[in-house]
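Chemist: The sequence shown: position 25 = 32 (my numbering), numbered continuously. What follows is a single structure, and I will ask about it in a moment.
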Amino acid sequence: MKISKSRIQEIIQEEIVKEINFRTGVPEEDVLSHGLDMEKYPTTKEEEMSEAISQILEDLLADAVEGRGGPPRDTWMAGYDDELSDEAMRMRDRILTAADEVIEQEEERR
Numbered sequence: 008m009k010i011s012k013s014r015i016q017e018i019i020q021e022e023i024v025k026e027i028n029f030r031t032g033v034p035e036e037d038v039l040s041h042g043l044d045m046e047k048y049p050t051t052k053e054e055e056m057s058e059a060i061s062q063i064l065e066d067l068l069a070d071a072v073e074g075r076g077g078p079p080r081d082t083w084m085a086g087y088d089d090e091l092s093d094e095a096m097r098m099r100d101r102i103l104t105a106a107d108e109v110i111e112q113e114e115e116r117r
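Here is the structure:
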């Protein structure tokens, strides 16, 4: 199957839009023009939570590697950034879901 250069560019653009929308919550129509506009789309509490969890995971991984005599994090950590970010977002979502359940149970109890 042959694919044109313009179609490849379209696919890449679509994936960029999906990735930015997934990671930031910026509406798809604004991703390319305003996705990095911090005034229009300030960092959310959820994004801050993901970043904090990601940093903790990074520190734990680095401690484990370096504690076993491995190389310092700056030589290999970049290969794990996306994986740690994705796991941090999954953890954040599980935490927020649990919090919603607790709130819902408390409201039902009243």
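The C-beta atom is built at its ideal place from N, Cα and C for all residues, glycine as well. As the structure is a prediction and not an experimental result, all values here were calculated from the model.
I think Ala95 touches Leu64, with their Cβ atoms under 8 Å apart; what is that distance to the nearest whole Å?
Modeler: Rounded, the Cβ-Cβ distance is 6 Å, consistent with contact.
Chemist: Put Glu46 into one of helix, strand or coil per three-state DSSP.
Modeler: Here Glu46 sits in coil by DSSP.
Chemist: From what residue to what residue does the alpha helix (DSSP H) around Ser61 run?
Modeler: Counting along the chain, the alpha helix (DSSP H) containing Ser61 begins and ends at Lys52 to Gly74.
Chemist: When the Cα atoms are used, what is the spatial distance from Arg75 to Asp88?
Modeler: Each residue's Cα considered, the two are about 20 Å apart.
Chemist: Determine the contact status of Arg99 and Ser57, defining contact as a CB-CB distance below 7 Å.
Modeler: Against a cut-off of 7 Å, the Cβ pair of Ser57 and Arg99 comes out as a contact.
Chemist: For the alpha helix (DSSP H) that Ser92 lies in, which residues bound it at each end?
Modeler: Run containing Ser92: Asp88 to Arg116, per the alpha helix (DSSP H) assignment.
Chemist: Could you tell me the alpha carbon to alpha carbon distance between Glu108 and Ile19, rounded to whole angstroms?
Modeler: Looking at the two C-alpha atoms, the distance is approximately 38 Å.
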